[in-house]
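Here the structure is laid out as structure tokens; the discussion comes afterwards.
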Amino acid sequence: MRPIIIGILSSLFVKSKFCATFTGMGFLFIKKNFKIYLLRKIIIIYLKFFLKFKNLFFIVQNKDDENFFKSIFNLKKKNLRVIRGSGIDINYFKYYSEISKNKVRLAYAGRILEDKGVLCLIEAYKIAKAKNANLSLYIAGSLDEKNPSSISKKYFKEIINFKDINYLGNIKNIKKYWQETDIAILLSKREGLPLSLLEAAAIGRSIISTDVTGSREIAIDNYNSINIKVGDIKECSKAILKLSKNKTLRKKYGKNSRKLVEGDMALEHVNYQYYSLYKDII
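For the working numbering, count along the sequence shown from 1 and bump the result up by 476.
Following this line, the structure appears as structure tokens:
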């Protein structure tokens, strides 16, 4: 959000059009406290003000954010586009069948934040693990201490030291990570269009997700995903158990995941949409 705010301001001093991509609304539209509410109002007023003097073009990644921008800013159709995600290279992230192994591997990739549903994931996994010993959890990503949604260092250490959780930190080969995974999980409170699920879907993985803005674009309930309510630990543990014990369902969901990304989420298609937009603007 900060680069967009600064970019709009600096664009006033040059004769150029301005196009901003919102990859997600972040904690500003998740947190409920007064400080965040006030900051959100200030940003909305700021954008409304500059829309009067500058021809701005906005790109969002999902239908929910499109509806939000339409209702708040009353934008013309030409000034607002939906481009579904940043694009995924389906030639690099090719479909890859599950690898036979002793345990079913559940995996998360992303920052270690409360808003990403990490706390819910850990507690749900503990419940599921007690009922299915042939289950393992892998977590890739780092603690983002500067983010308002960061978890405490104490709880972070508990995650690292928990014997049934494999914490890998930041990893270099995300393709291999998803190839070795059986179930991808993201329990976020809100997204733009989550790259981690795009990558996992391209590899052909079944998904467990929250039914929220952004995530539901790539995680479709009963098609390639089991979707739950935000923070529902009990339902999450049930979803983990259901997929971990049903390889046939995982395979079906995985193939459907691949079909989804081969459409308008493929990198070639996304690049063409950006090219067409910039061409129209110029």
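Even for Gly, the Cβ is constructed at its ideal location relative to N, Cα and C. Quick caveat: nothing in here was measured; it's all calculated off a predicted structure.
Mark alanine 609 as exposed unless 16 or more other C-beta atoms lie within 10 angstroms of its C-beta, in which case mark it buried.
Sequence index remark: in the sequence shown, residue 609 carries index 133 (1-based). It is exposed - the Cβ of alanine 609 has fewer than 16 other Cβ atoms within 10 Å.
Rounded to a whole number of angstroms, what is the C-alpha to C-alpha distance between lysine 705 and isoleucine 512?
Locating residue 705 in the sequence shown gives position 229, counting from the first residue. Locating residue 512 in the sequence shown gives position 36, counting from the first residue. Approximately 23 angstroms between the Cα atoms of the pair.
Going by DSSP, which residues form a beta bridge with asparagine 623?
One-based indexing of the sequence shown puts residue 623 at position 147. None; asparagine 623 has no bridge partner.
What does DSSP give as the partner residue(s) for aspartate 697 in the beta ladder?
Locating residue 697 in the sequence shown gives position 221, where the first residue counts as 1. Aspartate 697 pairs with Ser701.
Does any residue of chain B have a CB that is nearer than 9 angstroms to the CB of asparagine 578?
Chain labels in this structure do not include chain B; a single protein chain is all it has.
Do you know whose CA, among Arg681, Ser573, Glu621 and Gly707, lies nearest isoleucine 598's CA?
Within the sequence shown, residue 598 is the residue found at index 122, counting from 1. Ranking the options by Cα distance to isoleucine 598, first place goes to Gly707.
For glutamine 655, tell me which candidate among Tyr568, Leu743 and Leu488 has the shortest Cα-Cα distance.
By one-based count along the sequence shown, residue 655 stands at place 179. It is Tyr568 whose Cα lies nearest to the Cα of glutamine 655.
Whose C-beta lies closer than 8 angstroms to the C-beta of alanine 496 among residues of the same chain, with five residues either side of it excluded?
Along the sequence shown, one-based indexing puts residue 496 at 20. Excluding sequence neighbours, alanine 496 sits near Ile480, Gly483, Ile484, Leu532, Phe533, Phe534 and Ile535.
Could you check where the alpha helix (DSSP H) with arginine 681 kicks off and where it finishes?
Here residue 681 refers to the residue found at position 205 of the sequence shown. Careful: arginine 681 lies outside any alpha helix (DSSP H) and carries neither H nor E.
Pull the bridge partners of alanine 616 from the DSSP assignment, please.
On the sequence shown, residue 616 is found 140 positions in, with the first residue counted as 1. Looking at the DSSP output, alanine 616 sits in a beta bridge with Ala585 and Gly645.
In chain order, what residues of the same chain have a beta carbon less than 7 angstroms from the beta carbon of isoleucine 650, not counting five sequence neighbours either side?
The sequence position of residue 650 within the sequence shown is 174, counting from 1. Only Ala585 and Glu675 meet the Cβ criterion.
Give a yes or no on whether the C-beta atoms belonging to arginine 681 and isoleucine 696 are separated by under 9 angstroms.
By 1-based counting over the sequence shown, the position of residue 681 is 205. By 1-based counting over the sequence shown, the position of residue 696 is 220. Not in contact: arginine 681 and isoleucine 696 (Cβ atoms no closer than 9 angstroms).
I believe serine 620 touches arginine 587 by the beta-carbon criterion, under 8 angstroms. Please report the beta-carbon distance rounded to the nearest angstrom.
Position 144 of the sequence shown, counted from the start, is the residue given in the question as residue 620. Position 111 of the sequence shown, counted from the start, is the residue given in the question as residue 587. According to the sequence shown, residue 620 is aspartate rather than serine. Aspartate 620 to arginine 587, Cβ: 5 angstroms. Contact.
What do you get for serine 492, buried or exposed, if any count of 16 or more other CB atoms within 10 angstroms of its CB means buried?
Locating residue 492 in the sequence shown gives position 16, counting from the first residue. Answer is exposed; the Cβ neighbour count stays below 16.
Can you tell me whether DSSP reads threonine 497 as helix, strand or coil?
Taking the first residue of the sequence shown as 1, we reach residue 497 at position 21. DSSP places threonine 497 in strand when its eight states are reduced to three.
Would you identify the three-state DSSP class for isoleucine 737, choosing helix, strand or coil?
Counting from one through the sequence shown, the residue named residue 737 turns up at place 261. Per the sequence shown, the amino acid found at residue 737 is valine instead of isoleucine. DSSP places valine 737 in helix when its eight states are reduced to three.
Between asparagine 677 and valine 737, is the Cβ-Cβ spacing less than 9 angstroms?
The residue labelled residue 677 in the question sits at position 201 within the sequence shown. The residue labelled residue 737 in the question sits at position 261 within the sequence shown. Rather than asparagine, the amino acid found at residue 677 in this sequence is alanine. A contact, by the Cβ cut-off of 9 angstroms.
Locate the beta strand (DSSP E) running through isoleucine 512, then write down its first and last residues.
Mapped onto the sequence shown, residue 512 falls at position 36. First-last for isoleucine 512: 510 to 527, but that is the alpha helix (DSSP H), not the beta strand (DSSP E).
Between serine 487 and lysine 528, what straight-line distance do the alpha-carbon atoms span, to the nearest angstrom?
As a position in the sequence shown, residue 487 is number 11, starting the count at 1. As a position in the sequence shown, residue 528 is number 52, starting the count at 1. Approximately 14 angstroms, taken between the alpha carbons.
Could you spell out where the alpha helix (DSSP H) holding alanine 609 opens and where it closes?
For the purposes of this step, residue 609 is taken as the residue at position 133 of the sequence shown. Neither: alanine 609 is in no alpha helix (DSSP H) and is coded neither H nor E.
If you follow the beta strand (DSSP E) that arginine 557 is in, where does it begin and where does it stop?
Translated into the one-based positions of the sequence shown, residue 557 becomes position 81. Where arginine 557 is concerned, the enclosing beta strand (DSSP E) stretches over 556 to 558.
Assess, as a yes-or-no matter, whether the segment 554 to 563 is touched by the segment 749 to 758 under the definition of 3 or more beta carbon pairs within less than 8 angstroms.
Yes: the two stretches touch, three or more of their Cβ pairs being nearer than 8 angstroms.
Please report the residue range of the beta strand (DSSP E) in which isoleucine 828 lies.
Residue 828 lies beyond the residue range present for the chain, which begins at 477 and ends at 758; the question has no answer from this structure.
Is the distance from the Cβ of leucine 582 to the Cβ of isoleucine 647 below 9 angstroms?
In the sequence shown, the residue the question calls residue 582 occupies position 106. In the sequence shown, the residue the question calls residue 647 occupies position 171. Not a contact, by the Cβ cut-off of 9 angstroms.
What is the C-beta distance between glutamate 693 and leucine 662, in whole angstroms, given that I count them as a contact (C-beta under 8 angstroms)?
The residue labelled residue 693 in the question sits at position 217 within the sequence shown. The residue labelled residue 662 in the question sits at position 186 within the sequence shown. Contact flag wrong, Cβ pair sits at about 12 angstroms.
Alpha carbons only, please: which of Leu589, Ile520, Ile566 and Asn698 is nearest the one belonging to threonine 549?
One-based indexing of the sequence shown puts residue 549 at position 73. According to the sequence provided, residue 549 is phenylalanine. The question's threonine does not apply to it. The shortest C-alpha separation from phenylalanine 549 is found at Ile520.
Within the same chain, show all residues whose beta-carbon is closer than 6 angstroms to that of lysine 652, passing over the 5 residues directly before and after it, in chain order.
Mapped onto the sequence shown, residue 652 falls at position 176. Here the set comprises nothing.
By Cβ distance below 6 angstroms, which residues in the same chain neighbour glutamate 711 in space, the five residues on each side in sequence not counted?
Against the sequence shown, residue 711 aligns to sequence position 235. Result list for glutamate 711: Ile704, in chain order.
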